[in-house]
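The listed protein sequences derive, respectively, from chains A and B. Numbers 945 to 1191, taken from the working numbering, label the letters of the first sequence in order. Numbers 945 to 1191, taken from the working numbering, label the letters of the second sequence in order. Backbone N, C-alpha and C define an ideal beta-carbon position, used for all residues, glycine too.
Protein chains: 2
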Amino acid sequence: MPVRLKLIVAYDGGSFAGWQSQTHGNTIQDHLELALSQVARKAIRVHGAGRTDAGVHALAQCAHVDLPEKRLSPDQSTAALNALLPPQIRVLKCRYVTDRFHARYSAKGKVYRYRIWSGAVLPPLEAGRAWHVAASLDDEILRSSANVFLGTHDFSGFAANRGKLATDTVRTIRSVRVRQSGALLAIEFDGSGFLYKMVRLMVGSLIRCSLGKMDAKTISQWLRFPRVPRSRFSAPAEGLYLVRVRY
Amino acid sequence: MPVRLKLIVAYDGGSFAGWQSQTHGNTIQDHLELALSQVARKAIRVHGAGRTDAGVHALAQCAHVDLPEKRLSPDQSTAALNALLPPQIRVLKCRYVTDRFHARYSAKGKVYRYRIWSGAVLPPLEAGRAWHVAASLDDEILRSSANVFLGTHDFSGFAANRGKLATDTVRTIRSVRVRQSGALLAIEFDGSGFLYKMVRLMVGSLIRCSLGKMDAKTISQWLRFPRVPRSRFSAPAEGLYLVRVRY
């Protein structure tokens, strides 16, 4: 009897060309589908909660697959998949779910974290894991500007399009938390959903604000009168982490 | 006029064959000497506070060099060296010092941290940065066993020899701190100095104790009646971090 398996997956985004399947095959989805197809002895399609770009990390991405039968326990599935996957992708947990669960459509929200290193020199262990902004950032401006994103807005001004524009661009940001520890700054967004490149465009604006190159009022304006601004700044992929998907 | 420059250096140990110069050249000392010689236009010898093995990381290793003249400011030296070094090695800070300062002989102590991941699956971003012990560790036993190391002892039982035995094997451990955050465990040792492989051999014993495979009494015995035990366990290099050198 066919069964649906829910997977919690972590990956080091620096090693792959993003989540979504591509012809060259070096994406997280491709690696997962290859491993699952070997375990299930049948071509398996992986449905992710959402895509992440090349360089973007995941602490707990979520996906589901439909398998022909319940041959392995969740722990056995986890072990078998991790034995086949490259070490930069790990299945943290598996669970059988009903077919009412859909990794993408059942998602109620996501949490993303963005890490910034604002010291003069980027420590080697932060390479590929944080955005290096070698300037002192105004922490207070950063926090107050971040709060402007809170609530429900049309985020067209903070979205890139993938060829076509998204039709529904209204999203709700439930919380934005800024934490600082020495030169390391982490901004965590909890939202109903995120448009393409939305976190990176929000962080790009926040850093421009805290460098005095932009005003928080401009952020409010882009949210109130949504359109794609002429000049925007996107923070690089390597500082971005998909922390978890809410269901 | 010749001047002495003190350097604070961080590195990702996974990319190099350890600190000490070797003929193949892929050590941290070799890379630093190459960069310094290019800046000084003269062969420069780097004196480190101590060696670290392949795979061992440093958050703030210390070294000194003697330069023919004070041509660059400390900040200029930092920038010039980082422009020449691979990104896995970074000079965090430079400072001119008198020739009474010696990176190795002036050191009053060192702080080492050892990181252990005790969950079933090692998250990809911890690969090469923590020891994966896929078993539940007894936290209380770990803490009480760690305290056995406190104080001044002959650490012959917790030292490997590099061909010859060290003549003076007495060291003082000033503090051992065990911190836990979920599956991540960090053990930090502050000591007057550390013998070759001493931290890894201490951590190996602590983990064996917290797995119930060894008794803290055995640790005391090895400290009271110092000799090289027949069977020992050394924790792997990738979990070890040189945190700082005290002067």
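{"query": "Within the continuous beta strand (DSSP E) that includes residue 1186 of chain A, where are the two ends?", "result": "1184 to 1190"}
{"query": "Identify every residue that forms a DSSP beta bridge with residue 1132 of chain A.", "result": "A/1057, A/1121"}
{"query": "For residue 972 of chain B, report the span of its alpha helix (DSSP H) as first-last.", "result": "972 to 984"}
{"query": "Assuming residue 1081 of chain B and residue 1129 of chain B make a contact with CB atoms under 8 angstroms, what is their CB distance in whole Å?", "result": "7 angstroms"}
{"query": "Tell me which residues of the region 1032 to 1047 of chain A have at least one Cβ-Cβ distance to chain B shorter than 9 angstroms, keeping chain order.", "result": "1032, 1033, 1034, 1035, 1036, 1037"}
{"query": "How far does the beta strand (DSSP E) with residue 1039 of chain A in it extend, from its first residue to its last?", "result": "1033 to 1041"}
{"query": "Which same chain residues end up closer than 7 angstroms to residue 963 of chain B when comparing Cβ atoms and leaving out the 5 residues on each side of it in sequence?", "result": "971, 972, 973, 992, 995, 996"}
{"query": "Use the C-beta contact count for residue 1111 of chain B: other C-beta atoms within 10 angstroms, 16 or more gives buried, fewer gives exposed.", "result": "exposed"}
{"query": "Looking only at its chain, what residues have a beta carbon closer than 7 angstroms to the beta carbon of residue 1094 of chain B, apart from the 5 residues adjacent to it on each side?", "result": "1117, 1120"}
{"query": "Just verifying my parser: in three-state terms, what is the DSSP assignment at residue 1160 of chain A?", "result": "helix"}
{"query": "Report yes or no: is there a C-beta of chain B within less than 8 angstroms of the C-beta of residue 1022 of chain A?", "result": "yes"}
{"query": "Does the separation of the CB atoms of residue 1036 of chain A and residue 1024 of chain A fall below 8 angstroms?", "result": "no"}
{"query": "Three-state secondary structure (DSSP) at residue 1144 of chain B?", "result": "helix"}
{"query": "Quick check on the DSSP output: the beta strand (DSSP E) that includes residue 1005 of chain A runs from which residue to which?", "result": "1001 to 1011"}
{"query": "Take residue 1181 of chain B as the anchor and find which of B/1012, B/1059, B/1020 has the nearest alpha-carbon.", "result": "B/1059"}
{"query": "Between the alpha carbons of residue 1007 of chain B and residue 951 of chain B, how many angstroms are there, rounded?", "result": "5 angstroms"}
{"query": "Mind checking if residue 954 of chain A is an interface residue toward chain B, Cβ cutoff 8 angstroms exclusive?", "result": "yes"}
{"query": "Just to confirm, are residue 1140 of chain A and residue 1001 of chain A a CB contact at a threshold of 8 angstroms?", "result": "no"}
{"query": "Give me the chain B residues within the contact set of residue 1172 of chain A, using Cβ-Cβ distance strictly less than 7 angstroms, ordered along the chain.", "result": "Result: empty, since nearest Cβ-Cβ is about 33 angstroms, beyond 7 angstroms."}
{"query": "Identify each residue in the region 977 to 1003 of chain B for which the Cβ-Cβ distance to at least one residue of chain A is less than 8 angstroms, and report them in chain order.", "result": "1001, 1003"}
{"query": "Could you round the C-beta distance between residue 1086 of chain B and residue 1122 of chain B to whole angstroms and report it? I think they count as a contact, below 8 angstroms.", "result": "6 angstroms"}
{"query": "Would you please state the rounded distance, in angstroms, between the beta carbons of residue 1150 of chain A and residue 1090 of chain A? I believe it to be under 8 angstroms.", "result": "6 angstroms"}
{"query": "Using C-beta distances below 8 angstroms, list every residue in its chain close to residue 1170 of chain A, excluding the 5 sequence neighbours before and after it, in chain order.", "result": "1097, 1098, 1099, 1100, 1101, 1113"}
{"query": "With residue 1025 of chain B as the anchor, note down where its alpha helix (DSSP H) starts and where it stops.", "result": "1018 to 1028"}
{"query": "Unbroken alpha helix (DSSP H) runs of length 4 or more, entirely within the region 1059 to 1119 of chain B: which are they?", "result": "1083 to 1091"}
{"query": "Hey, could you find the ends of the beta strand (DSSP E) residue 953 of chain B is sitting in?", "result": "947 to 955"}
{"query": "Hey, how far is the Cα of residue 1004 of chain A from the Cα of residue 954 of chain A?", "result": "5 angstroms"}
{"query": "What would DSSP say about residue 992 of chain B, mapped onto helix, strand or coil?", "result": "strand"}
{"query": "Rounded to whole angstroms, what is the Cα-Cα separation between residue 948 of chain B and residue 1062 of chain B?", "result": "44 angstroms"}
{"query": "Taking 8 angstroms as the CB-CB cut-off, is residue 1071 of chain B touching chain A?", "result": "yes"}
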